[in-house]
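Each position in the sequence shown, counted from 1, maps to that position plus 22 in our numbering.
All C-beta atoms, glycine included, are put in the ideal place defined by N, C-alpha and C.
Report on one structure; see the data block that follows.
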Amino acid sequence: MQRRQFVHSVAAGSALGSLGLLGGCATPGGGSGPHVVVIGGGYGGATAAKYLRMFSEGKVRVTLVEPNASFVSCPISNLVIGGLKQMSDITVPYDNLEKRHGVRIVRDRATAIDPDKRVVKLAGGSDLSYDRLIVSPGIDFMWETLPGMAKPGAQDKVLHAWKAGPQTVALRKQLEAMPDGGVYALSIPLAPYRCPPGPYERACMVAHYFKKAKPKSKVIVFDANDDVTSKPALFKKAWDEHYKGILEYRPKHRVVDVDAATNTLKFEFNDDFKGDVLNVVPNMRAGDIAAQAGLATANKRWCDVDFLTFESKAVKNVHVLGDAIQIAPAMPKSGHMANQHGKTCAAAIVNLLMGKEPPATPLYANTCYSFVTDEDVVHVASVHRYDPEKKTMLTVPGSGGVSARASELEGRYALAWARNIWADTLA
């Protein structure tokens with residue numbers, strides 16, 4: 023949805039001035055009035071925090087609860103694993119949210135939500151009261167589906183690297199330390215999971231590294247799904263053209279356990295497999311705070327929301343964004359989509375705090391770029407519009423699509439996309 027649509031929907035400055043007259047809870051740091059607490063500073067939460075301040079012209083007080091000092095982007099992080107980028111290339115400070123937009127940032131972790139008292143409890147011992155709460159917790163893992171990963175040291179040895187940060191660097195170091203002739207085994211869970219094309223891009227980046235530095239080594243992809251879940255023809259073409267003899271793809275291989283001591287994957291129907299570096303991406307669910315607060319109502323994994331406001335269907339005055347939600351048809355769990363959720367939610371909350379109806383026809387787009395070599399990239403795009411009869415987001419007929427072929431030009435587009443969305447979220 024375009025910014026001017028949002029600004030128009032939340033009315034002119036004179037109406038926004040009335041926000042100061044709304045009944046609101048006292049907020050830390052002095053003052054009173056409408057106060058929105060945002061848990062989680064990823065693509066969804068950071069965007070929502072920024073745009074709440076912008077759409078309300080600074081009349082809504084916003085507190086962002088985020089334990090990390092800087093934003094680290096999952097999109098582009100596979101290039102760090104492939105040795106093409108450094109962590110500094112995908113790290114952006116939160117400073118501008120505070121300095122330019124007046125978002126109060128609390129470096130802490132939310133441990134509990136009391137929806138009756140409208141209070142968020144923090145690990146540091148303090149409480150934050152709110153008029154509206156946004157929970158953008160990302161994903162956590164269903165470790166109970168892989169019993170062996172509960173053993174001491176298993177999760178430090180067999181990495182997921184599906185949250186950009188220390189494990190991104192650790193996986194890169196494992197690949198560097200692996201002898202030429204070794205095998206890197208990547209397991210992909212059943213969809214839905216965060217970033218549908220992400221595992222296949224990662225396989226490409228590791229294969230590209232092996233092709234240059236360890237030509238006797240192999241990448242084997244074990245996919246629990248029946249086929250590549252995103253851009254299948256384009257990925258398979260890239261594998262055939264660039265990584266024949268290096269990368270092997272095996273669908274219908276669902277990992278049910280891991281023996282970290284022997285680096286062995288155990289499958290539901292297939293023989294065990296021992297590799298040199300195991301990269302196990304587990305089954306996922308909404309982040310812990312969402313699950314603990316009773317927001318994960320869809321199969322106890324994902325959070326059902328009203329797509330006009332992103333308000334939880336289970337808990338009033340609490341909105342959920344990003345990868346944690348039960349997605350609409352054909353809606354990916356992606357950073358771009360979380361950014362769009364954040365803007366839609368921010369516009370809705372500003373209206374709700376003014377006693378107005380939220381914008382009735384949200385419309386937003388998504389693009390996912392995937393590197394298949396160090397330069398060549400493919401994309402998938404979609405446009406989504408709210409359907410008032412079905413009360414969900416549906417793809418706009420004829421919109422979106424995929425690349426005709428991988429190209430270096432799309433590689434430049436991909437890096438420009440990253441710079442632009444980081445700026446839109448955090449600058």
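For residue i, three-class secondary structure by DSSP
i	result
A183	coil
L448	helix
K338	coil
G53	Residue confidence is low: G53 scores 43 on pLDDT, short of 50, so the model does not pin down where it sits. Its coordinate-derived value is still stated next. If DSSP states are grouped into helix, strand and coil, G53 belongs with coil.
S209	strand
G46	In this prediction, G46 scores a pLDDT of 41, lower than 50, which makes its location untrustworthy; no coordinate-derived value is stated.
R83	strand
D249	coil
S99	helix
Y116	coil
M306	strand
I127	strand
M415	strand
G66	helix
K233	helix
T284	coil
I61	strand
N292	coil
T366	helix
A260	helix
Y408	strand
Proximity winner among the options, relative to residue i (alpha-carbon distances)
i	options	result
V402	T85, T69, Q189, H358	H358
V142	G377, S429, F393, A315	A315
G124	R75, K234, V342, H230	R75
A132	A368, L287, N442, G63	G63
A235	D249, C217, A199	A199
L431	S392, K413, P97, Y408	S392
K107	N442, Y231, K412	Y231
T366	V58, P56, F77	F77
K355	G66, V59, A70	G66
K335	K259, L197, T319, G377	T319
Y222	L212, L197, V250	V250
T69	P56, N118, P89	N118
P351	A438, V418, P380	V418
A246	I135, E263, R323, V277	V277
A176	V302, L437, W444, G309	V302
I135	A445, I443, V337	V337
M164	D138, A387, Y435, W324	W324
7 angstroms Cβ cutoff met for residue i and residue j
i	j	result
A207	L300	yes
G345	G170	For the sequence presented, residue 345 should be read as Asp rather than Gly. Contact: no.
V405	S425	no
T85	L155	no
Y215	M306	yes
A282	V180	yes
K238	V205	no
R272	F244	yes
V82	V58	yes
Q348	D326	yes
A127	E120	Per the sequence presented here, residue 127 reads as Ile, with Ala not at that position. In contact: I127 and E120 (Cβ atoms closer than 7 angstroms).
A360	L343	yes
S252	P218	yes
G433	E397	yes
S92	P115	yes
Counted within 10 angstroms of its Cβ, other Cβ atoms place residue i as buried (16 or more) or exposed
i	result
S421	exposed
S110	exposed
D178	exposed
A183	buried
N321	exposed
A48	Reliability of the predicted coordinates at A48 is poor, the pLDDT of 37 falling under 50, and the value obtained from them is presented with this limitation in mind. With fewer than 16 other Cβ atoms within 10 Å, it is exposed.
A145	exposed
G364	buried
G454	What is shown of the chain runs 23 to 449, which leaves residue 454 out entirely.
P211	buried
T447	buried
A368	buried
A255	exposed
A186	buried
E166	exposed
E333	buried
R194	buried
P384	buried
Distance between beta carbons of residue j and residue i, contact taken as under 8 angstroms
i	j	result
H341	I311	Wrong, their Cβ atoms sit about 13 angstroms apart, outside the cutoff.
I61	V228	Not really, about 33 angstroms apart at Cβ, beyond 8 angstroms.
Y265	K233	7 angstroms
M415	R427	No, M415 and R427 are not in contact; Cβ-Cβ is about 29 angstroms, not under 8 angstroms.
N11	R140	Given a span of 23 to 449 for the chain in the structure shown, any question on residue 11 remains unanswerable.
W5	T389	The question about residue 5 has no answer, for the chain in this structure spans 23 to 449.
Cβ-heavy atom distance, residue i to the ligand FMN, below 6 angstroms
i	result
A134	Among the components of this structure there are no ligands whatsoever, and the ligand FMN is therefore not found.
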